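Quick notes on the structure that follows.
Number of protein chains: 2
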Amino acid sequence: MEVSLSEIKYDANGLVPVIVQDADTNEVLMLAYMNSESLRLTMEKGETVFWSRSRGELWHKGATSGNIQRIMEIRVDCDEDTLLVRVQPAGPACHTGERSCFYRGI
Amino acid sequence: MEVSLSEIKYDANGLVPVIVQDADTNEVLMLAYMNSESLRLTMEKGETVFWSRSRGELWHKGATSGNIQRIMEIRVDCDEDTLLVRVQPAGPACHTGERSCFYRGI
């Protein structure tokens, strides 16, 4: 079953949350956001391109660090307002150097 | 390493996105939202309690369907604005009856 790009529901800021998961280990790496432009670029490049909410600009993950995330699969949830992107990461997802951003408990 | 409850950063609506993952299979099941009250209840009950944005009320997952999600672990991301909840689900996460809400590709 497939969802078309036009069915994706962006929030009031034009963003959709994106869960990034390691396609080999199934580890959840990070949560980030895409707008329609970054999703288009993600599909075009085959690498994750997010919208950085803090910097207010497109963010090609790994463009400076080399830690790109190669897209293996993009999945959509039941109400089309969240994406699950399964990737092969070239390095750590987290800016701290941790493999996953979720390296701490509560 | 541990994060205290007071360090969690809620958005302008008082919500934090929560990735729900099956603790046994590592499958990503759904994305939902919690406010501080639902997080407190989640930890108290040991079962997921979300904030339903569509209904504007607390949502004890499985309270009517029986498909509760037993909390195994709660993790926090590097900037403390997303939670990863690892659960043992008593049944499908999705209202469609699918095990995961991410049952479709793009």
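Line order of the protein sequences matches chains A and B. For the record, in the first sequence the residue sitting at position 79 is 1160 according to this note's numbering, with numbers rising by one throughout. For the record, in the second sequence the residue sitting at position 78 is 1159 according to this note's numbering, with numbers rising by one throughout. Using N, Cα and C, we set each Cβ at its ideal position, and we do this for glycine too. Please read these numbers as outputs of a predicted model, since none were measured by experiment.
For glutamine 1150 of chain B, verify whether its CB is less than 6 Å away from any heavy atom of the ligand NAP. With respect to the ligand NAP, the structure offers nothing, as it holds no ligand at all.
Residues of chain A with CB closer than 8 Å to the CB of tyrosine 1184 of chain B, please, in chain order. Counting only Cβ-Cβ distances below 8 Å, tyrosine 1184 of chain B has contacts in chain A at Met1082, Arg1156 and Cys1159, in chain order.
Counting only beta-carbon atoms, is isoleucine 1152 of chain A nearer than 7 Å to chain B? It does not; no Cβ of chain B falls within 7 Å.
When the Cα atoms are used, what is the spatial distance from arginine 1121 of chain B to glutamate 1125 of chain A? Going by the C-alpha atoms only, they are around 42 Å apart.
According to DSSP, simplified to helix, strand and coil, what is leucine 1165 of chain B? strand
Minimum length 4: unbroken alpha helix (DSSP H) runs contained in the stretch 1114-1162 of chain A: 1117-1126
Could you round the C-beta distance between glutamate 1158 of chain B and phenylalanine 1131 of chain A to whole angstroms and report it? I think they count as a contact, below 8 Å. For the record, residue 1158 of chain B in the displayed sequence is aspartate; it is not glutamate. Aspartate 1158 of chain B to phenylalanine 1131 of chain A, Cβ: 14 Å. No contact.
With DSSP as the reference, identify every bridge partner of glutamate 1083 of chain B, one or two as the case may be. When beta bridges are read from the DSSP output, glutamate 1083 of chain B appears opposite A:Gly1186.
For isoleucine 1089 of chain A, the first and last residue of its enclosing beta strand (DSSP E): It is not in any beta strand (DSSP E) - isoleucine 1089 of chain A carries neither H nor E in the DSSP assignment.
Less than 7 Å between CB atoms is the rule here; does proline 1098 of chain A satisfy it with respect to chain B? Under the 7 Å criterion on CB atoms, proline 1098 of chain A is classed as interfacial with respect to chain B.
Inter-stretch contact (C-beta, 8 Å, three-pair minimum) for the stretch 1136-1150 of chain A and the stretch 1171-1180 of chain A: yes
Could you pull the start and end residues of the beta strand (DSSP E) that glutamine 1105 of chain A belongs to? Per the sequence shown, residue 1105 of chain A should be read as aspartate rather than glutamine. Element bounds for aspartate 1105 of chain A: n/a, residue is neither H nor E.
With a CB to CB cut of under 8 Å and the five nearest residues on each side skipped, what residues in its chain are close to glutamate 1128 of chain A? His1141, Lys1142, Gly1143, Ile1149, Gln1150, Arg1151 and Ile1152
When the Cα of leucine 1110 of chain B is compared with those of A:Glu1088, A:Arg1185, A:Arg1180 and A:Thr1163, which residue comes out closest? The residue with the shortest Cα to Cα distance from leucine 1110 of chain B is A:Thr1163.
Would you report the Cα separation of glycine 1137 of chain B and methionine 1115 of chain A, rounded to the nearest angstrom? 25 Å
Which residues of chain B have a Cβ atom closer than 7 Å to the Cβ of threonine 1177 of chain A, listed in chain order? The answer, in chain order, is Cys1159.
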